[in-house]
Amino acid sequence: QAALVQGALGRGPSSRSLGNESIPRQSRRAAMRALLGMFLWLSTPQCAVAIVVRKDAETTSGYYWPEARGKPGQYSTSPFTAPRNLTSATLAWSWSNGGPETKYGRAAHSGLVMDDKQSIYLSSTDGIRKFDAGGQLRWYAPMATWRLPALSDGRLYATTNDGEAVALDMETGKSLWTSKFTQHLDTDISGLMVRDGLLISESQGNVGGGAHAVAALDLTDGHKVW
1 QAALVQGALG RGPSSRSLGN ESIPRQSRRA AMRALLGMFL WLSTPQCAVA
51 IVVRKDAETT SGYYWPEARG KPGQYSTSPF TAPRNLTSAT LAWSWSNGGP
101 ETKYGRAAHS GLVMDDKQSI YLSSTDGIRK FDAGGQLRWY APMATWRLPA
151 LSDGRLYATT NDGEAVALDM ETGKSLWTSK FTQHLDTDIS GLMVRDGLLI
201 SESQGNVGGG AHAVAALDLT DGHKVW
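Anchor point for the sequence shown: position 136 equals 136 in UniProt numbering, and the numbering is continuous, going up by one each time.
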């Protein structure tokens, strides 16, 4: 670790010899940010690291928060700086599903995903809802799901507790395909991933929680690849 730090600062064996040239100030600042990030990772719990804002992150394009933990490589961080003082802030909008029908009925367990228009998609035990940036409900797709959906190329992908994977049109909520890929999925709070044309999901779930396998489904029609 010491060698890595020295190399990052341009003083260790892994750095190039620059002769009489001094290291640019921007490079030193970037290295210091990397060093600070390493220190935070080594000295604090992971849940605290998740709120660190990466100022050197690449500019955001596409969906703001397409799946669990954000974009690939973000690791639950955001490139945007949030306001620190909210004392003068006012509530823009809110929504309530009327409360649970039973102990766990109609509850939202797994957070939100957000597209490039700041529309959010909320999954709950009775279905998935899309709200626009002003809080208007755009569509509702009934299904029993505890897991966070994933957004990719105009589609929303989700899985149900009955072991089905579904693809919905993000604009209309219309079902594009449904695929039965396992007997049952558990009630754990988890998310889906989209990688290289595949939807990655847990599989072979227990009724009481937990899963025995991971499955990959083709994004075009939902058939199981492995």
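A virtual CB, placed ideally from N, CA and C, is assigned to each residue, including glycine.
Burial of Ala150 is indicated by the presence of at least 16 other C-beta atoms within 10 angstroms of its C-beta.
Around the beta carbon of Gly62, fewer than 16 other beta carbons sit within 10 angstroms, so the residue counts as exposed.
A buried status is given to Val166, since no fewer than 16 other beta-carbon atoms sit within 10 Å of its beta-carbon. Excluding residues up to 5 positions away in sequence, Lys180, Phe181, Thr182, Gln183, His184 and Leu185 lie with their Cβ nearer than 7 Å to the Cβ of Gly163 in the same chain.
The three-state secondary structure of Pro142, taken from DSSP, is strand.
Between Gly222 and Thr172, the C-beta spacing is not below 8 Å. Looking from the CA of Ala141, the closest CA among Ala133, Leu156 and Pro79 belongs to Leu156.
DSSP, read as helix, strand or coil, puts Gly154 in coil. Within the same chain, Cβ atoms closer than 8 Å to the Cβ of Leu137 are found at Trp95, Arg129, Lys130 and Phe131, the five residues on either side in sequence being excluded. For Gly154, same chain residues with a beta-carbon under 6 Å away, outside a window of 5 residues either side, are Met170 in chain order. For Trp226, there is no enclosing beta strand (DSSP E), as DSSP marks it with neither H nor E.
Residue pairing by DSSP places Ser179 opposite Ala165 in a beta bridge. In this chain, Leu91 is not harboured by any beta strand (DSSP E), its DSSP state being neither H nor E. Here DSSP, grouped into helix, strand and coil, assigns Met114 to strand.
Secondary structure note for Phe131: its beta strand (DSSP E) is the uninterrupted segment Gly127 to Phe131. According to the DSSP secondary-structure assignment, Tyr63 is paired through a beta bridge with no residue.
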